[in-house]
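What follows is a short report on a single structure.
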Amino acid sequence: MTRLLVTGGAGFIGSNFVHHVIENTDAHVTVLDKLTYAGNRASLAGLPDDRVRFVQGDIADAELVDSLFAEVDAVVHYAAESHNDNSLHDPRPFLDTNIVGTYTLLEAARRHQRRFHHISTDEVYGDLELDDPQRFTESTPYNPSSPYSSTKAGSDLLVRAWVRSFGVHATISNCSNNYGPYQHVEKFIPRQITNVLRGIRPKLYGAGRNVRDWIHADDHSSAVLAILEKGVIGETYLIGADGERDNRSVVELILAEMGQPADAYDLVADRAGHDLRYAIDSTKLRTELGWAPRYGDFAAGLAATIAWYRDNEDWWAPSKDATESFYAARGQ
Ligand code: NAD
Ligand code: DAU
0 MTRLLVTGGA GFIGSNFVHH VIENTDAHVT VLDKLTYAGN RASLAGLPDD
50 RVRFVQGDIA DAELVDSLFA EVDAVVHYAA ESHNDNSLHD PRPFLDTNIV
100 GTYTLLEAAR RHQRRFHHIS TDEVYGDLEL DDPQRFTEST PYNPSSPYSS
150 TKAGSDLLVR AWVRSFGVHA TISNCSNNYG PYQHVEKFIP RQITNVLRGI
200 RPKLYGAGRN VRDWIHADDH SSAVLAILEK GVIGETYLIG ADGERDNRSV
250 VELILAEMGQ PADAYDLVAD RAGHDLRYAI DSTKLRTELG WAPRYGDFAA
300 GLAATIAWYR DNEDWWAPSK DATESFYAAR GQ
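Residue 203 in numbering that gives the first Met the number 0 sits at position 204 of the sequence shown, with consecutive numbering throughout.
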């Protein structure tokens, strides 16, 4: 797999993956990214021009997609509308990109018989009670809650159908919540870090008791590479690093690391349909493909992420005001 097409490679996890591939393999990468509000070319700065090519375009543009599939050996599909709060406000782009865009890529994978890896989310499984001893596994039934997660669930089912009906050589991974550098300030952790840097109090939805299962974006990347190299066609792999924490404890860690009082946050309006808890059992990935996460210490990974946002204000500042205006209009 020397030539990779990475869709959404100017977004948070896609750009982390491109950095990971360049540092850890000999592959050449073409990034296809529409540069929506969430895409940022600066996330790919410093990568070698002779190994990374950037193409601005839409994954739903069949002609463009066709020409790019002809040039590569494998495709890793990250591009998506990714934010739950936006999907509650305006679901349409989620259908266009997550459903029609994925369909367009699958048709190209079928025509060109290319290896295809689809990036998805644990949110397709719905949520768990706080005291449920079960975690999500590859056989948990789909039960998505939001417009975002239902379009991701739809895209996963399209991939499964294209494998079974047309013999497309695809795999799927469903990962838990990522953190790390290059994440848009609309998302929970960067929003709170950049709030503190701006002198704004962190904002917790509801009572702050919702639980997310955090994984560093670089561990997500190494898992995707393992699946590309060793995964079985047609299979789904859950990616997670045993990182369950409630939102309030994450904010308290951020406040402590940034020298603020432990209670210097606000409780704000809850998200509609807010999933209570996600938790991933990644036994299949670990035992069958031998993957293990490297970022075992969440507090240390979070401290490094805080340092990154402190040092890279030029990267996030252009998005901050518009993001906070969006939230302020919703009482969040
Ligand atoms: P992001 O919003 O940061 O980035 C998405 C990227 O896709 C952006 O660069 C954007 O410009 C691009 N894009 C959007 N629509 C496009 C289109 N029509 N054509 C081409 N490019 C388009 O998202 P992210 O958080 O990096 O998520 C990437 C993928 O990982 C998504 O598929 C998401 O569902 C999945 N995922 C995310 C998480 C998480 O914690 N963020 C966890 C599990 C899975
Ligand atoms: O689980 C994987 C998913 O993780 C991905 O599929 C999504 O693309 C990604 O955005 C993320 O979804 P969440 O909705 O879990 O992430 P978000 O960062 O929006 O919120 C994390 C938690 O923090 C959630 O319980 C809502 C809460 N929250 C969020 C924001 C922005 C707050 O309490 N305050 C906030 O300001």
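Note that the Cβ used here is the ideal one computed from N, Cα and C, for glycine as well.
8 Å CB neighbourhood of residue i in its chain, flanking five on each side removed
i, result
"residue 26", "0, 1, 2, 3, 20 and 50"
"residue 151", "79, 97, 119, 120, 122, 123 and 143"
"residue 110", "65 and 68"
"residue 295", "240"
"residue 116", "73, 74, 75, 76, 169, 170, 171, 172, 223, 226, 227 and 230"
Buried or exposed by the 16-neighbour rule on C-beta atoms within 10 Å, applied to residue i
i, result
"residue 112", "exposed"
"residue 33", "buried"
"residue 224", "buried"
"residue 232", "exposed"
"residue 169", "buried"
"residue 190", "buried"
"residue 36", "exposed"
"residue 108", "buried"
"residue 222", "buried"
"residue 22", "exposed"
Backbone secondary structure at residue i - three-state DSSP
i, result
"residue 190", "helix"
"residue 184", "coil"
"residue 83", "helix"
"residue 288", "helix"
"residue 265", "strand"
"residue 245", "strand"
"residue 361", "With the chain represented from 0 up to 331, any question about residue 361 goes unanswered, as that position is not in the structure."
"residue 197", "helix"
"residue 214", "strand"
"residue 134", "coil"
"residue 202", "strand"
"residue 277", "coil"
Beta-carbon contacts of residue i that lie in its chain and below 7 Å, excluding the five residues immediately before and after
i, result
"residue 298", "252"
"residue 134", "278, 279 and 280"
"residue 103", "58, 59, 61 and 64"
"residue 273", "204, 205 and 209"
"residue 196", "308 and 309"
"residue 99", "59"
Cβ neighbours of residue i in the same chain (closer than 6 Å, five flanking residues each side left out)
i, result
"residue 185", "82 and 322"
"residue 318", "184"
"residue 201", "191, 194, 250 and 264"
"residue 310", "none"
"residue 55", "34"
Residue i Cβ short of 8 Å to the ligand NAD heavy atom set
i, result
"residue 241", "no"
"residue 37", "yes"
"residue 33", "yes"
"residue 182", "yes"
"residue 176", "yes"
"residue 57", "yes"
"residue 19", "no"
Proximity test, residue i beta-carbon vs the ligand DAU heavy atom, cut-off 8 Å
i, result
"residue 267", "yes"
"residue 81", "yes"
"residue 319", "no"
"residue 87", "no"
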